[in-house]
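As given, the protein sequences belong to chains Z and D, one line each in that order. Read in order, the letters of the first sequence correspond to residues 292 to 602 in this note's numbering. Read in order, the letters of the second sequence correspond to residues 13 to 330 in this note's numbering. Don't be surprised by glycine CBs; every beta carbon is placed ideally from N, CA and C. One structure is given here, and the rest of the page talks about it.
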Amino acid sequence: MLTYIPKRIGQGLLTVFLTVSVVFVLIRMAPGDPAAAYAGPLATTEQLAAVREQFGLDRPVWEQYLIFIQQLFTGQLGMSYSFQAPAFEVVLERLPYTLTLATASIVLAAIVAIPLGVWMANRANTGKELGANMLTIAGQSMPDFWTGIMLLSLFAVVIPVFPASGFATWDGLVLPTITIAILQIALVSRMVRREMSNNLALPYLTVARSRGIAERVLTWRYAMGTAAIPVFTALGTRFAAMLNGVVVVEVVFAWPGVGSLIVRALETRDYPLIQAAVVVTSLLAIAVQLLIDLAYPLLDPRVRLGKAASA
Amino acid sequence: MSATVPAAHPAPHVSPPSAVKPADLARSAAARTRHSVRIKLWIGAICALAVIVPIVLAPLLPLADPNAQELSARRLAPLVDGHLFGTDQLGRDLLSRVLFGGQVSLTIGVLAVLVSGAIGITLGAAAGYYGRWVDTIVSRLLEAQMSLPLLMMLLLVVALFGPSIPVITFVIAIAQWPEVARLTRSLVLVEREKPYVDAARTLGLHKIRILIRHVIPNVFKQASLVILLLLAQAVLLESALSFLGAGPQRPFATWGRIISDGQNYITTSWWMVTLPGLMIVLLVVGVNLLGDALRDSGPIGKRRSPKTGTPEKNGATA
C-alpha cells in the first residue's frame with residue numbers, strides 16, 4: 292500500500308507528461324498560425340512578426356518545448372493568447388461547470404441505471420426485459436448532439452420549460468444532464484444486468500435462497516455485493532472520461548465548460564490554453580482513476596492493493 | 013409454443029415418459045434466449061436494411077441532385093412538391109442529401125471497422141501470445157488511451173492532416189482499436205495454453221507461424237463478433253466529428269454536417285435536424301441489435317451438438 296500509491300501517482304504523472312508532450316508537438320505541426328488568428332486578417336507582416344515574438348513563437352520548437360517544461364514544473368502554463376490571461380486560470384475558471392455537469396449526469400445515470408439493470412436481471416428472458424433491453428439499445432444508438440438538439444427544441448422552444456443554453460440558473464443544467472445521462476444509463480444498466488444475472492446464477496445465492504432469505508436481501512445485499520465493484524468501476528471510469536470534456540454536449544448547449552473551451556482553443560490555435568486544458572483534465576481524470584482503485588478494498592475486502600492490482 | 017397452461021393434468025395410470033412437456037421447454041431460459049435473439053435479429057435486420065438499401069441504391073433512385081440548389085424552394089416541409097424529406101435552407105432535396113451523405117458515412121464506418129479490426133487483432137494477438145515486453149507496451153498503450161482526451165486528440169489529428177476520408181477513417185480506427193485489442197488479447201491468452209499449440213511447437217513450427225496459421229484463426233470468429241457493435245460506434249463517431257466541423261468537407265454532405273447546418277433553423281424547420289438524426293438512429297439501432305443478437309447467439313451456436321442429441325428440444329423450437 293505504501294509503495295502502491297506513490298507508484299501509481301508516478302505512473303499517472305508520467306502519462307500526463309507524455310500526453311501533453313504529444314499534444315505540444317501535434318498542435319505545432321498542424322496548419323494554422325496562432326499569430327494570424329490573434330492579429331486578424333488585416334495584420335501586416337510586421338505586426339504578425341511582433342505578435343509571434345510576443346508569444347515566443349519565433350523561437351525553434353525545441354526551445355519552446357524547454358520553456359514549456361520549465362513552466363510545467365513551476366506550475367504556470369503560459370498566457371492564453373485569446374484571453375490574455377494565465378491559461379491555467381482560464382481552465383480552472385471553466386472547470387466547475389464541467390465538474391457540475393459530469394457529476395449531475397453520473398449521479399442521474401447511477402440512480403436510474405442500477406435499479407433498471409437489477410430489474411432487467413430479475414426478469415431475464417421475459418418480454419418486459421426484451422423491451423427494456425431494446426430501449427437501452429436505442430439509448431446507446433442516439434448521437435448525443437442530436438438528442439441534445441431534439442431536447443432543446445422540445446423543452447426550450449416548443450414547450451419553453453428550460454433555458455436553451457448556458458448556466459444562468461440551475462434550470463440550465465437539466466437538459467444537458469439528461470442528454471449525457473441517456474447514453475450513460477443505457478451503457479451502465481446493460482452492464483449491471485450482465486453482472487447481476489451472472490451473480491444470480493451462482494451457487495451461494497441458491498444456498499441463501501434455500502435458507503429462506505428474502506428475495507430483496509438476496510438481490511441487493513448478496514448479488515449486488517459482488518456486482519458493486521465492476522459497476523462502481525464502470526461509473527468511475529465514465530466519470531473520469533467526462534472530465535476530459537463532454538465536448539459535443541457542451542457545444543450544443545453553449546455550456547461554458549472545459550470541452551467547449553478546448554474546441555474554441557483549437558479553432559483559434561491558442562497553444563497555451565490547449566496545453567493547460569490537457570494538463571488539468573488528464574491530471575483530474577487520473578486522480579479519479581486512482582481514487583476508484585483506492586476505494587476497491589472498501590467495497591470488497593478480498594481486494595488487496597499492490598498485489599492484485601499490479602497485473 | 014404459445015400454450016401457457018402448465019402441464020398439471022393428473023395422469024393416474026399412464027405415467028408420461030417425462031414430466032417435461034414441450035410447453036415447459038418453450039418456457040425454458042434457453043428457448044427464451046433463442047426467441048429474443050431471433051426477435052432482435054429480425055428487428056435489427058429490418059432497421060439496418062431500411063437505411064442501408066436506399067443508401068446503396070441512391071444513384072439508381074429518381075432523386076434530385078443532392079447539391080442542386082433551388083432558392084425558390086427553400087425549407088419546404090416534408091412531402092411538399094415531391095420532396096419526401098422536404099428541402100434545406102438552400103432548397104436542396106433533403107432525402108437526396110441524407111442518402112448520398114449516408115454513402116460517405118457508411119463507407120467511412122465500414123473502412124474504419126476494417127482498419128481498427130486489423131490493428132486490434134494484430135496488436136492484441138501479439139500481446140497475448142508473446143507476453144512480456146510486447147504485452148507491456150500494448151497494455152500501456154491501451155491504458156494511456158483511456159486517460160487521453162480522446163475527442164480532442166481526434167479533432168487535432170483531423171486539423172493536422174486535413175479532413176479527408178482516409179484521415180477520418182484512420183482517426184476513427186485509432187479511437188476503436190483498443191476494444192478489439194483487449195478482446196483478442198484475452199482470447200489469445202486462453203488459446204495459447206491449449207494442447208494443440210504445444211503440439212505444433214513440438215512438431216517444430218515457428219512461433220509466428222503457429223500464431224498466424226493456428227491461434228488467430230481460432231479466435232477470429234469470436235473476436236469478429238464485436239465488428240457490428242464497432243460499426244455502430246464508428247457511424248456515431250463520424251457523425252459527431254462532422255457535427256463539430258471535422259468531417260469530410262464539401263461537396264460531401266455527411267449526416268453530422270446536415271444536422272449541424274439545420275441546427276440554426278430548428279425553430280422553424282424541424283425536419284432538417286430530426287429526419288437525418290432519425291436515419292442515424294435507425295441505422296445504429298439496427299446494427300446494434302444485430303450485433304447484440306450475434307453475440308448472444310454465439311455460445312448457443314457452440315452448444316449445438318447436445319441440442320441435436322435431444323429430439324424433444326428440437327420439437328419444442330420447431
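Under three-state DSSP, which class holds residue i?
i	result
V311(Z)	helix
P434(Z)	coil
T99(D)	strand
D349(Z)	coil
D591(Z)	coil
D36(D)	helix
S317(D)	With a pLDDT of 37 at S317(D), under the threshold of 50, the modelled position of this residue cannot be trusted; read the value that follows with caution. Here S317(D) sits in helix by DSSP.
P547(Z)	coil
D304(D)	helix
P178(D)	helix
P467(Z)	helix
D324(Z)	coil
D105(D)	strand
V448(Z)	helix
P377(Z)	strand
P297(Z)	helix
Are there 16 or more other CB atoms within 10 angstroms of the CB of residue i, so buried, or fewer, so exposed?
i	result
T99(D)	buried
F97(D)	buried
I241(Z)	Because chain Z in this structure spans residues 292 to 602, residue 241(Z) falls outside the shown range and cannot be described.
K52(D)	buried
R50(D)	exposed
Q361(Z)	exposed
M470(Z)	Here the sequence assigns Thr to residue 470(Z), which means Met is not the residue at that position. So T470(Z) counts as buried.
P387(Z)	exposed
A41(D)	exposed
G408(Z)	buried
L199(D)	buried
Y495(Z)	exposed
Q375(Z)	exposed
N276(D)	exposed
I271(D)	buried
I220(D)	exposed
Q475(Z)	buried
S480(Z)	buried
R560(Z)	buried
Shortest alpha-carbon distance to residue i belongs to which of the options?
i	options	result
A137(D)	V296(D), Q234(D), N276(D) and L295(D)	Q234(D)
P250(D)	G274(D), K206(D), V296(D) and A211(D)	Note that residue 250(D) is Glu in the sequence shown, not Pro. The option with the nearest alpha carbon to E250(D) is V296(D).
G347(Z)	S371(Z), I504(Z), T559(Z) and R512(Z)	S371(Z)
L237(Z)	R350(Z), S373(Z), P351(Z) and A378(Z)	It is not possible to answer for residue 237(Z), since the shown part of chain Z is limited to 292 through 602.
L195(D)	S236(D), L217(D) and Y277(D)	S236(D)
I292(D)	L153(D), V32(D), Q115(D) and I220(D)	Q115(D)
L294(D)	S84(D), V110(D), P78(D) and D77(D)	V110(D)
A586(Z)	L496(Z), P521(Z), V570(Z) and A393(Z)	P521(Z)
L302(D)	E486(Z), V483(Z), M425(Z) and A568(Z)	M425(Z)
A130(D)	I58(D), L290(D) and W189(D)	W189(D)
R44(D)	V352(Z), K419(Z) and L339(Z)	K419(Z)
M487(Z)	Q338(Z), L534(Z), L466(Z) and R414(Z)	R414(Z)
Y142(D)	I222(D), D77(D), L290(D) and E82(D)	I222(D)
Y513(Z)	I296(Z), F446(Z), L493(Z) and T528(Z)	L493(Z)
P434(Z)	L287(D), I149(D) and S309(D)	L287(D)
L357(Z)	M533(Z), S373(Z), A499(Z) and V316(Z)	V316(Z)
G303(Z)	W410(Z), S573(Z) and V538(Z)	S573(Z)
Could you give the C-beta distance for residue i and residue j, rounded to a whole number, given that I count them as a contact under 8 Å?
i	j	result
P563(Z)	R385(Z)	That belief does not hold up - the Cβ atoms of P563(Z) and R385(Z) are roughly 15 Å apart, past 8 Å.
V540(Z)	G439(Z)	6 Å
A531(Z)	A576(Z)	4 Å
T279(D)	V448(Z)	5 Å
A518(Z)	V483(Z)	7 Å
G132(D)	E191(D)	7 Å
G113(D)	F264(D)	7 Å
W267(D)	S254(D)	7 Å
8 Å is my cut-off, CB to CB: does residue i come that close to chain A?
i	result
I428(Z)	The structure shown contains no chain A; the protein chains it does contain are Z and D.
query = Is the region 426-444 of chain Z close to the region 497-517 of chain Z, with three or more CB pairs under 8 Å?
reply = no
ask   = Should the region 152-165 of chain D be called in touch with the region 211-223 of chain D, which here means at least 3 C-beta pairs below 8 Å?
value = no
ask   = How about the region 197-210 of chain D and the region 165-172 of chain D: do they share at least three Cβ pairs that are nearer than 8 Å?
value = no
request  = Would you check if there are 3 or more beta carbon pairs closer than 8 Å linking the region 182-197 of chain D to the region 123-130 of chain D?
outcome  = yes
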